[in-house]
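> Numbering (UniProt numbering), first residue to last: 1 to 119.
By construction, the Cβ of each residue, glycine as well, lies at the ideal position given by its N, Cα and C atoms.
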């Protein structure tokens, strides 16, 4: 049983923005974990201009919504640019990468939740 499943998570999880802190998993990227349970996780990412994430994959499905900024994504063999209001889904197991052309804010939903993101 995962550590997320072991936690006593109520049927409603309310997260107040002022109670959640950002942390910096790598230079140019700030992250904070918002509402989550074992089945899904909402994550807010802030990327600085010029940030480039490493190409990677994970078993989690990932829904991406761009709040602000301008980014380029590479998913499998396709590259595309996104701006505020754009969204897309990356299936689990698909290699992907992102670059920030300007300061950007993105909301990601992962299912199941990513234990490796927990502080």
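Identify which residue in 15, 93, 68 has its Cα closest to the Cα of residue 107.
What you label residue 107 is simply residue 107 of the chain shown in a count that begins at 1. Selected option, being the one with the closest Cα: 68.
> For a test of the three-state rule: what should DSSP assign to residue 18, helix, strand or coil?
In the chain shown, residue 18 corresponds to position 18, counting from 1. The answer is helix: DSSP assigns residue 18 an H, G or I state.
> Since residue 34 and residue 20 are thought to touch, with beta carbons under 8 angstroms apart, how far apart are those beta carbons, to the nearest angstrom?
For the purposes of this step, residue 34 is identified with residue 34 of the chain shown, where counting begins at 1. For the purposes of this step, residue 20 is identified with residue 20 of the chain shown, where counting begins at 1. Rounded, the Cβ-Cβ distance is 6 angstroms, consistent with contact.
> Going along the chain, which residues of its own chain have a beta-carbon closer than 7 angstroms to the beta-carbon of residue 1, five neighbours each way excluded?
Against the chain shown, residue 1 aligns to sequence position 1. Bear in mind that the predicted position of residue 1 carries a pLDDT of just 42, short of 50, making it unreliable; the figure below should be weighed with that in mind. So the list is empty, once near-sequence residues are dropped.
> Going by DSSP, name the residue or residues bridged to residue 153.
Nothing can be reported for residue 153, as the shown portion of the chain is limited to 1 through 119.
> Quick check: what's the CA-CA separation for residue 82 versus residue 12?
By 1-based counting over the chain shown, the position of residue 82 is 82. By 1-based counting over the chain shown, the position of residue 12 is 12. Roughly 32 angstroms separates the two Cα atoms.
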